[in-house]
Amino acid sequence: MVEAISPQRFHSSPGVEDWRVVFGGASAYFATGSFAVGAQLVAKIAELADAANHHPDVDLRYPGVLVRLTTHEVMPEALLSDRDAALAAQISEAARELGVATDPTKVQTFQLTIDALDIEKVRPFWAAVLGYTERGDGDVVDPGAFAPGISFQQMDGPRPQRNRIHVDVSVPAQLAQARVDAALAAGGSLVTDAHAPYWWTLADPEGNEVDVAPWMDSWTG
Numbered sequence: 068m069v070e071a072i073s074p075q076r077f078h079s080s081p082g083v084e085d086w087r088v089v090f091g092g093a094s095a096y097f098a099t100g101s102f103a104v105g106a107q108l109v110a111k112i113a114e115l116a117d118a119a120n121h122h123p124d125v126d127l128r129y130p131g132v133l134v135r136l137t138t139h140e141v142m143p144e145a146l147l148s149d150r151d152a153a154l155a156a157q158i159s160e161a162a163r164e165l166g167v168a169t170d171p172t173k174v175q176t177f178q179l180t181i182d183a184l185d186i187e188k189v190r191p192f193w194a195a196v197l198g199y200t201e202r203g204d205g206d207v208v209d210p211g212a213f214a215p216g217i218s219f220q221q222m223d224g225p226r227p228q229r230n231r232i233h234v235d236v237s238v239p240a241q242l243a244q245a246r247v248d249a250a251l252a253a254g255g256s257l258v259t260d261a262h263a264p265y266w267w268t269l270a271d272p273e274g275n276e277v278d279v280a281p282w283m284d285s286w287t288g
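To convert, take the position in the sequence shown, counting from 1, and add 67; that gives my numbering.
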């Protein structure tokens, strides 16, 4: 059985300086500057992944390549293992050989969170309407891993005067405060920072809420 590791242990592994742990695993953005160079990097990633029998999610676009690593054997959660750290180091080395720099400020992911009184009744609806699959006892996820996941949060009682669906934005811990400050400068308000630096709850000018949540990058163990 593959053993899960903490984000702290991942970040302390050799050769992973380009990578950041956010929702869904460890990610790195490689600023290739062209589609052709990006394709070369993707080809090298495919070669390394097949050799390791460990396959990341790769998103190739014109200006860069986003790579996300996670170990599915330690599901139901999308967790990390030493296999991810080893492959991350190899991918970074391949990028350096191609002269490709990384840009950690481009790393982020997000999910939607639904507060519910009866999660067991609510979750199957969202899986069905989105064509998602249920993951363990918690989230529903896109089986192709293209679209954001949906998580569910237990409510203690009815809350008719407050929205019950919000966005969780996961960014590297080093970028969280700047993201909060930018949102406030853009007209948002701080609902609570009681859980900072694990997450801040903000609201737009009409009260719609969002959590800026780098907590996965802050766990220890």
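Every residue, glycine too, gets a C-beta built ideally from N, C-alpha and C. Please read these numbers as outputs of a predicted model, since none were measured by experiment.
Just verifying my parser: in three-state terms, what is the DSSP assignment at residue i?
i, result
"Leu-108", "helix"
"Val-189", "helix"
"Val-279", "strand"
"Ser-285", "Note that Ser-285 has pLDDT 46, beneath the 50 cutoff, so the model's placement of it is unreliable and no number is given."
"Arg-202", "coil"
"Asp-124", "strand"
"Glu-70", "coil"
"Ala-196", "The identity of residue 196 in the sequence shown is Val, whereas the question assumes Ala. Here Val-196 sits in helix by DSSP."
"Glu-84", "coil"
Kindly identify the DSSP beta-bridge partner or partners of residue i.
i, result
"Thr-169", "Phe-97"
"Gly-92", "Val-89"
"Val-207", "Glu-201 and Ile-217"
Taking the beta strand (DSSP E) that residue i belongs to, which residues open and close that run?
i, result
"Phe-177", "176-183"
Below 8 Å on the Cβ atoms is my contact criterion, and I expect residue i with residue j to pass it. Report the Cβ-Cβ distance as a whole number of Å.
i, j, result
"Ala-156", "Pro-74", "About 16 Å separates the two Cβ atoms, so there is no contact after all."
"Val-125", "Gln-175", "Going by Cβ atoms, the distance from Val-125 to Gln-175 rounds to 17 Å, so no, they are not a contact pair."
"Thr-169", "Ala-162", "7 Å"
Looking at the secondary structure, which residues open and close the alpha helix (DSSP H) in which residue i lies?
i, result
"Phe-219", "That residue, Phe-219, is in no alpha helix (DSSP H); its beta strand (DSSP E) goes 217-221."
"Pro-74", "74-78"
- Message: At 3 residues or longer, what runs of the beta strand (DSSP E) sit wholly inside the stretch 132-156?
- Response: Within the stretch 132-156, the complete beta strand (DSSP E) runs of at least 3 residues fall at 132-136.
- Query: Counting only runs that start and end within the stretch 233-279, where is the beta strand (DSSP E) found for 3 or more residues in a row?
  - Reply: If we require 3 residues or more, the beta strand (DSSP E) runs fully inside the stretch 233-279 come out as 256-259, 267-270 and 276-279.
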